[in-house]
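All remarks here apply to the structure that follows.
If you want it as structure tokens, here you go:
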């Protein structure tokens, strides 16, 4: 299935989940990105109908409970909706590594470009007078993101297109320019890495995304290289990075009964009147800051100062991203 069709199907599901009334094909066409067409043009409208029929069949094959019915007794055209009770998942207890995987998927949502399109579709529904259920798509547009280089590097890896970027290592003050054929991006011990063929060193190299300075720039054409078959990116990163020494000690205040993931990392927990004070060992202040920001108001970083500064900086970046996304949602 192409990425364009996948995005259209996801937005169709969000549209149908966001209201409990039946939506006609015309309302769906005016709301869901990917269905734009001229209904007065017979050929254009017929193409839309074929596309919509294929998508309905695809959703039903995937097990999505798509219902057909009339919105009211006065309507003459049937509409569509998704049966909430049949589609909703029960509560699922997750282990820490499983919860981390879900968190990664949520972060990928924003980079996939789906969140703004889906939000725009819901705004169109409201403008058309269709009541939207605010609970149906909670979490649809998470604001937590991975490193800025994540999107360009994953896109380049999919397109098999070389990139260039500036990279800073701790022992060198000035960043150096790297040229890479990226094979993929992976997470290892809480950090994101890109693995690929370094064109200057003519060897496999790993680069930590948080050390990339400025923009990642694609160069050359798509399909310019072929990654090795069955390459194990994690193994490359593990050999390159070596063991992680957690020499730092962070003091974090956590509300009672909250932030279970952070509590598992703590080597000491001291209850207090304002919450539980955790002592958490760490090696990478940016990684720990991103974990704390993910818990929102449930936690507070008390020290050391480098951790507090990193948390404040990441919160500022979250606000800035929200400001950039907001105009697209309101259009």
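Residue numbers (this note's numbering): 656 to 986.
Even for Gly, the Cβ is constructed at its ideal location relative to N, Cα and C.
Small disclaimer: the values here were computed from a predicted structure and weren't measured.
Would you kindly work out how many angstroms separate the C-alpha atoms of residue i and residue j, rounded to a whole number?
{"i": "residue 940", "j": "residue 864", "result": "14 angstroms"}
{"i": "residue 870", "j": "residue 843", "result": "22 angstroms"}
{"i": "residue 912", "j": "residue 958", "result": "21 angstroms"}
{"i": "residue 877", "j": "residue 860", "result": "21 angstroms"}
{"i": "residue 949", "j": "residue 970", "result": "10 angstroms"}
{"i": "residue 929", "j": "residue 967", "result": "21 angstroms"}
{"i": "residue 1040", "j": "residue 895", "result": "Nothing about residue 1040 can be reported from this structure: the residues present for the chain run from 656 to 986 only."}
{"i": "residue 964", "j": "residue 706", "result": "51 angstroms"}
{"i": "residue 927", "j": "residue 910", "result": "10 angstroms"}
{"i": "residue 692", "j": "residue 683", "result": "12 angstroms"}
{"i": "residue 661", "j": "residue 712", "result": "14 angstroms"}
{"i": "residue 974", "j": "residue 917", "result": "23 angstroms"}
{"i": "residue 890", "j": "residue 858", "result": "15 angstroms"}
{"i": "residue 708", "j": "residue 954", "result": "48 angstroms"}
{"i": "residue 866", "j": "residue 872", "result": "15 angstroms"}
{"i": "residue 856", "j": "residue 831", "result": "13 angstroms"}
{"i": "residue 702", "j": "residue 695", "result": "12 angstroms"}
{"i": "residue 932", "j": "residue 829", "result": "38 angstroms"}
{"i": "residue 833", "j": "residue 726", "result": "58 angstroms"}
{"i": "residue 813", "j": "residue 925", "result": "47 angstroms"}
{"i": "residue 960", "j": "residue 952", "result": "19 angstroms"}
{"i": "residue 697", "j": "residue 853", "result": "53 angstroms"}
{"i": "residue 764", "j": "residue 935", "result": "Because the pLDDT at residue 764 is just 48, under 50, the model does not fix this residue reliably, and the point stays unresolved."}
Cutting at 6 angstroms between CB atoms, please list the residues of its own chain near residue i, excluding the five before and the five after it.
{"i": "residue 851", "result": "835, 836, 837, 838"}
{"i": "residue 681", "result": "none"}
{"i": "residue 880", "result": "815, 836"}
{"i": "residue 809", "result": "840"}
{"i": "residue 937", "result": "901, 903, 905, 943"}
{"i": "residue 734", "result": "677, 678, 679, 726"}
{"i": "residue 729", "result": "none"}
So, using beta-carbon positions, are residue i and residue j closer together than 8 angstroms?
{"i": "residue 807", "j": "residue 818", "result": "yes"}
{"i": "residue 847", "j": "residue 820", "result": "no"}
{"i": "residue 868", "j": "residue 823", "result": "yes"}
{"i": "residue 724", "j": "residue 677", "result": "yes"}
{"i": "residue 664", "j": "residue 737", "result": "no"}
{"i": "residue 862", "j": "residue 849", "result": "yes"}
For residue i, which residues does DSSP report across the bridge?
{"i": "residue 690", "result": "Answer is none; residue 690 lacks a bridge partner."}
{"i": "residue 836", "result": "852"}
{"i": "residue 925", "result": "932"}
{"i": "residue 669", "result": "DSSP, once it has assigned bridges, lists no residue as partnering residue 669."}
{"i": "residue 955", "result": "908"}
{"i": "residue 966", "result": "For residue 966, which the question treats as bridged, DSSP gives no partner whatsoever."}
{"i": "residue 815", "result": "Looking at the DSSP assignment, residue 815 forms no beta bridge with any residue, so it has no partner."}
{"i": "residue 841", "result": "848"}
{"i": "residue 722", "result": "736"}
{"i": "residue 678", "result": "735"}
{"i": "residue 867", "result": "822"}
{"i": "residue 860", "result": "851"}
{"i": "residue 831", "result": "822"}
In chain order, what residues of the same chain have a beta carbon less than 7 angstroms from the beta carbon of residue i, not counting five sequence neighbours either side?
{"i": "residue 962", "result": "905, 940, 943, 944, 956"}
{"i": "residue 767", "result": "Low local confidence applies: a pLDDT of 46 at residue 767 is under 50, so the model's placement there is unreliable, with the coordinate-based value given in what follows. Closer than 7 angstroms at the Cβ level, and outside the excluded window around residue 767, lies no residue."}
{"i": "residue 915", "result": "none"}
{"i": "residue 732", "result": "679"}
{"i": "residue 893", "result": "843"}
{"i": "residue 972", "result": "none"}
{"i": "residue 947", "result": "907, 954, 956, 966"}
{"i": "residue 995", "result": "In this structure the chain extends from 656 to 986, so residue 995 is not present and cannot be described."}
Near residue i, which residues of its chain fall below 8 angstroms by C-beta distance, leaving aside the five closest residues on each side in sequence?
{"i": "residue 715", "result": "721"}
{"i": "residue 710", "result": "660, 663, 664, 667"}
{"i": "residue 704", "result": "680"}
{"i": "residue 700", "result": "692, 693, 694"}
Taking Cβ positions only, does residue i come closer than 8 angstroms to chain C?
{"i": "residue 823", "result": "In the displayed structure, chain C is absent; only one protein chain is listed."}
Could you check if residue i belongs to the surroundings of the ligand ATP, using beta carbon to heavy atom distance under 7 angstroms?
{"i": "residue 905", "result": "This structure simply doesn't include the ligand ATP, nor any ligand for that matter."}
Open item on the list: Can you confirm whether the segment 915-925 touches the segment 873-887 when touching is taken to mean that 3 or more C-beta pairs between the two stretches lie within less than 8 angstroms?
Closed with: no
Task: At least three beta-carbon pairs within less than 8 angstroms, the segment 905-913 to the segment 943-956 - done: yes
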